[in-house]
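Numbering (the numbering used here), first residue to last: 13 to 437.
Quick look at the structure:
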């Protein structure tokens, strides 16, 4: 199966087994993994992490996850010193180590949304990552005001009234409108992007993994720091708002009426999901901020973006016209930067739109990127350990002369390594 088939046939949780054990799980293994995540929800004490975050004056979701990783790293070192690995259900199994981080991260993300009330996460059984996130934020969650205080999204209290243009009169609207379509889109996004992490600065992560005294969770701390630094100076809410308000100069006055309609109905499913300050639209508006982050000179994400846009188009066609208008506008902005600045959409451009139309809080995007890319980091670490490979430079592997290269590896197009199991997917 290629990536396109995986996006439609399996869930992200099944791909965890595919990348870490090189095969899809059977029903028993998948059920065991779900039970393990559910049990970790109960074992992980997130209040300690929140208290530490309060002392450090940070409420950033990924910063809190890094604190949790530090806690898990200390626990792993303590267990190693007393020889308690045998007492652990997961031991050194990379699948269960990853699931432990996944469970802790999900619980922290829920606490981040509700931490002012200290509301416990939902008690429903964990099914898979995509459905868990969609069910956790049926109406977009909360966002922060200019003083950093949590506030409810406008329109969330009157969702039924705001959906009048999209839903038949008299129909009872639930917060889980189009739930199945949302899960399919989010799952495709997670699967499509999770194994692309090798294109980023993984040399430092691989170097750490080759140091014996660094445990797996210490490696994860370094990976989380990479994404914290990557998103540090990027205001995702402001960027989304700017892209949605941006009027492509080439279509200017001929599309002004259409753009005004997009501005009026740009929030998906009738929910006024405001991600930034609303300014008066103007033809020839300045380019959105952080353009270098969302558009690159290289086109390394062309295939992945094509897959994501196909799923976005399918989702928008199956939901409402407003979502389709948002997608069309994003494609016009992408075309403008390609024709006028020779820039291509990066892996962060369309995820803005995905989180927007799925009503997922944008501050969670860096955390979701870290969680899904951590799977790729873990898989490459296992590949390095299993094949006794040594990092030479820039992430290029130096293999033993006795190692035999498979025939399919001669056609490998992976930039950073001569061959890896991703190429066989």
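No residue lacks a Cβ here, since even glycine has one placed at the ideal position from N, Cα and C. Please read these numbers as outputs of a predicted model, since none were measured by experiment.
By DSSP, does residue i sit in helix, in strand, or in coil?
{"i": "residue 356", "result": "strand"}
{"i": "residue 139", "result": "coil"}
{"i": "residue 302", "result": "coil"}
{"i": "residue 24", "result": "helix"}
{"i": "residue 3", "result": "Missing from the structure shown is residue 3; the chain here goes from 13 to 437 and no further."}
{"i": "residue 10", "result": "Here the chain comprises residues numbered 13 to 437, so residue 10 is not present and cannot be evaluated."}
{"i": "residue 49", "result": "helix"}
{"i": "residue 246", "result": "coil"}
{"i": "residue 313", "result": "coil"}
{"i": "residue 106", "result": "helix"}
{"i": "residue 149", "result": "coil"}
{"i": "residue 237", "result": "helix"}
{"i": "residue 253", "result": "helix"}
{"i": "residue 337", "result": "helix"}
{"i": "residue 111", "result": "helix"}
{"i": "residue 17", "result": "helix"}
{"i": "residue 67", "result": "helix"}
{"i": "residue 321", "result": "helix"}
{"i": "residue 35", "result": "coil"}
Starting from residue i and walking both ways along the alpha helix (DSSP H), at which residues does that stretch end?
{"i": "residue 56", "result": "Looking at the DSSP string, residue 56 is not in any alpha helix (DSSP H), and its letter there is neither H nor E."}
{"i": "residue 332", "result": "Counting along the chain, residue 332 falls outside any alpha helix (DSSP H), and DSSP gives it neither H nor E."}
{"i": "residue 73", "result": "73–94"}
{"i": "residue 394", "result": "377–398"}
{"i": "residue 196", "result": "191–206"}
{"i": "residue 361", "result": "361–369"}
Check each candidate in the options and name the one with the smallest Cα separation from residue i.
{"i": "residue 347", "options": "196, 260, 386 and 379", "result": "260"}
{"i": "residue 202", "options": "255, 144 and 228", "result": "144"}
{"i": "residue 517", "options": "54, 387, 399 and 397", "result": "Here the chain comprises residues numbered 13 to 437, so residue 517 is not present and cannot be evaluated."}
{"i": "residue 370", "options": "24, 382 and 334", "result": "334"}
{"i": "residue 320", "options": "199, 383 and 248", "result": "199"}
{"i": "residue 350", "options": "310, 237, 105 and 138", "result": "310"}
{"i": "residue 112", "options": "47, 317, 69 and 94", "result": "47"}
{"i": "residue 230", "options": "89, 300 and 380", "result": "89"}
{"i": "residue 15", "options": "190, 329, 380 and 323", "result": "323"}
{"i": "residue 358", "options": "343, 196 and 368", "result": "343"}
{"i": "residue 38", "options": "49, 340 and 25", "result": "25"}
{"i": "residue 114", "options": "257, 41, 49 and 83", "result": "49"}
{"i": "residue 56", "options": "378, 87, 69 and 42", "result": "87"}
{"i": "residue 227", "options": "312, 77, 394 and 117", "result": "394"}
{"i": "residue 385", "options": "54, 110, 84 and 72", "result": "110"}
{"i": "residue 376", "options": "140, 71, 325 and 139", "result": "71"}
{"i": "residue 314", "options": "105, 372 and 362", "result": "362"}
{"i": "residue 329", "options": "77, 41 and 193", "result": "193"}
{"i": "residue 77", "options": "68, 379 and 63", "result": "379"}
Determine which residues share a DSSP beta bridge with residue i and list them.
{"i": "residue 308", "result": "356"}
So, under 8 Å CB-CB, residue i and residue j are touching, yes? Tell me the CB distance rounded to an integer number of Å.
{"i": "residue 240", "j": "residue 74", "result": "5 Å"}
{"i": "residue 33", "j": "residue 107", "result": "7 Å"}
{"i": "residue 307", "j": "residue 244", "result": "Not quite, the Cβ-Cβ distance comes to about 19 Å (not below 8 Å), so this is no contact."}
{"i": "residue 122", "j": "residue 148", "result": "6 Å"}
{"i": "residue 206", "j": "residue 27", "result": "7 Å"}
{"i": "residue 236", "j": "residue 382", "result": "6 Å"}
{"i": "residue 252", "j": "residue 341", "result": "About 12 Å separates the two Cβ atoms, so there is no contact after all."}
{"i": "residue 246", "j": "residue 305", "result": "5 Å"}
{"i": "residue 250", "j": "residue 301", "result": "6 Å"}
{"i": "residue 19", "j": "residue 204", "result": "6 Å"}
{"i": "residue 116", "j": "residue 80", "result": "5 Å"}
Is the Cβ of residue i closer than 8 Å to any Cβ of chain B?
{"i": "residue 351", "result": "Considering every chain present, this structure includes no chain B. It has just one protein chain."}
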